[in-house]
Amino acid sequence: MQCGFACLEAGAVRSKNTTNIIMKNIMDICIIYPPISHWVWSEIGWLNQLGYIDFSGCGPVHLLGGVCSFFGAVFLGPRLGRFRSKYDSEKEEIVGHSIPLVGIGGMILITGFLAFNGGSLGTMTNPGDGEIIARVISNTVLGGTGGGITILLATKIGLFGPATWNFSMTLNCALIGMVSVCAGVNNMAMWASFLCGVTAGPVYMLIHYAMLWCKVDDPLDAVAVHFGGGLWGLIAASLFANNGFVFGVTHESAMVHLSSQNDRRRCYHSVGVSRVLHHVRDTESLGKLRVSEEDERRGLDIAMHNEPGYHPMGWKTYPALGSRKSSVNISVLPTLDSSLTTKKHRSEYETKL
1 MQCGFACLEA
11 GAVRSKNTTN
21 IIMKNIMDIC
31 IIYPPISHWV
41 WSEIGWLNQL
51 GYIDFSGCGP
61 VHLLGGVCSF
71 FGAVFLGPRL
81 GRFRSKYDSE
91 KEEIVGHSIP
101 LVGIGGMILI
111 TGFLAFNGGS
121 LGTMTNPGDG
131 EIIARVISNT
141 VLGGTGGGIT
151 ILLATKIGLF
161 GPATWNFSMT
171 LNCALIGMVS
181 VCAGVNNMAM
191 WASFLCGVTA
201 GPVYMLIHYA
211 MLWCKVDDPL
221 DAVAVHFGGG
231 LWGLIAASLF
241 ANNGFVFGVT
251 HESAMVHLSS
261 QNDRRRCYHS
271 VGVSRVLHHV
281 RDTESLGKLR
291 VSEEDERRGL
301 DIAMHNEPGY
311 HPMGWKTYPA
321 LGSRKSSVNI
331 SVLPTLDSSL
341 TTKKHRSEYE
351 TKL
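full-length UniProt numbering applies: residue 1 is where the sequence shown begins, and numbers increase by one.
Dropping the structure here:
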């Protein structure tokens, strides 16, 4: 999945920052997730002992990551020129340099999601494991399908700007649909997973526009996908899982389940905020939270690595084509013999062909 993240992130930013993105993904060492994973999936973890069930990390992975992404974007600030001023509603749309690269990364992520969720069971040799893995993979696909189709149709009828088949929004909503089923993916009916993905699409759009309204620059919509998907996924697991509220459990038991999920969400929020604030305090004190304006304008590939992702020399030929002097007629098109220059000869030649 890290390969998918690397491609998607590299394509979603300007070409002058692609090497930095790839380097970041190579050096992406987790310092936040281990203690949270221990709380949730270890036998002695306190959330596990309270009865918290999250099959593949809707809360401890996606919701926590979304919270950290939000506060990281807030403290870092927007890219130069993204928002003209604090009180100006106009903004400059800074687009990525390669939609095909985004698409490749997205497809790798979607494939990785199937392996990630299916592999979260931890075993496949016990009786019944195959059935669970099959259900998990099917529900993951249906969640992504619901989110992607919903926003694909919504963009085509013009609900979110010009009426087009918008690829980027469709891809992100397919991803949030997969995120939203993670908590109860092993315990949901197929229709419930699809419905969970369908409702996750509008959650993505709501957070996407809320971030723009708040002038928080999130080039990849990581907050909308992971925070929105993780938050809605925990709620959806309480509603659509086989023992959820929509299956007729008592109001009291449903409210207890939702209350416990709320407690866990607050826990993830507080942990994410505290770790981000601690890291930001350290980096701010060292003056290394953000590169200089000059380096940002030059691009991090040159400023930090001196290895541009798209080197200018890579687009040149040696020697330059304009300086070549040759009497040889080089063409990729078929040529006729010089003797076939008259109309009569050409007609005879074509007849033979």
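Even glycine gets a Cβ: it sits at the ideal position worked out from N, Cα and C.
Which residue or residues does DSSP assign as beta-bridge partners of residue i?
| i | result |
| --- | --- |
| residue 241 | 188 |
For residue i, which three-state DSSP category applies?
| i | result |
| --- | --- |
| residue 328 | Low local confidence applies: a pLDDT of 45 at residue 328 is under 50, so the model's placement there is unreliable, and no value is given. |
| residue 204 | helix |
| residue 300 | helix |
| residue 175 | helix |
| residue 40 | helix |
| residue 123 | coil |
| residue 354 | Outside the shown range of the chain (1 to 353) lies residue 354, about which nothing can therefore be said. |
| residue 310 | coil |
| residue 116 | helix |
| residue 24 | helix |
| residue 168 | helix |
| residue 163 | coil |
| residue 198 | helix |
| residue 98 | coil |
| residue 259 | With a pLDDT of only 45 at residue 259, under 50, the local geometry of the prediction cannot be trusted, and the value read off the model is given with reservation. Residue state, collapsed to three classes: helix. |
| residue 58 | helix |
| residue 250 | Bear in mind that the predicted position of residue 250 carries a pLDDT of just 47, short of 50, making it too unreliable to give a figure here. |
| residue 181 | coil |
| residue 103 | helix |
| residue 16 | helix |
| residue 216 | coil |
| residue 45 | coil |
If we ignore side chains and look at the alpha-carbon of each, how far apart do residue i and residue j end up?
| i | j | result |
| --- | --- | --- |
| residue 55 | residue 310 | 41 angstroms |
| residue 171 | residue 103 | 8 angstroms |
| residue 189 | residue 177 | 15 angstroms |
| residue 115 | residue 10 | 23 angstroms |
| residue 354 | residue 21 | No information on residue 354 is available, as it lies outside the stretch 1 to 353 that the chain covers here. |
| residue 139 | residue 312 | 46 angstroms |
| residue 106 | residue 7 | 8 angstroms |
| residue 163 | residue 205 | 16 angstroms |
| residue 240 | residue 74 | 34 angstroms |
| residue 60 | residue 194 | 23 angstroms |
| residue 13 | residue 125 | 43 angstroms |
| residue 228 | residue 184 | 16 angstroms |
| residue 58 | residue 182 | 5 angstroms |
| residue 98 | residue 18 | 10 angstroms |
| residue 35 | residue 167 | 36 angstroms |
| residue 159 | residue 225 | 19 angstroms |
| residue 137 | residue 294 | 47 angstroms |
| residue 40 | residue 121 | 14 angstroms |
| residue 192 | residue 128 | 21 angstroms |
| residue 82 | residue 219 | 10 angstroms |
| residue 308 | residue 299 | 9 angstroms |
| residue 108 | residue 303 | 29 angstroms |
| residue 89 | residue 76 | Confidence in residue 89 is poor, its pLDDT being 49 and thus under 50, which makes the residue's placement too unreliable to answer from. |
| residue 356 | residue 179 | Only positions 1 to 353 of the chain appear in this structure, which leaves residue 356 out of reach. |
| residue 186 | residue 1 | 21 angstroms |
| residue 53 | residue 221 | 27 angstroms |
| residue 23 | residue 68 | 20 angstroms |
| residue 196 | residue 94 | 31 angstroms |
So the alpha helix (DSSP H) residue i belongs to, where does it begin and stop?
| i | result |
| --- | --- |
| residue 289 | Here residue 289 belongs to no alpha helix (DSSP H), and DSSP marks it neither H nor E. |
| residue 141 | 129-156 |
| residue 12 | 2-12 |
| residue 70 | 64-76 |
*Check whether the region 43-60 touches the region 210-220, taking contact to mean three or more Cβ pairs, one atom from each stretch, closer than 8 angstroms.*
no
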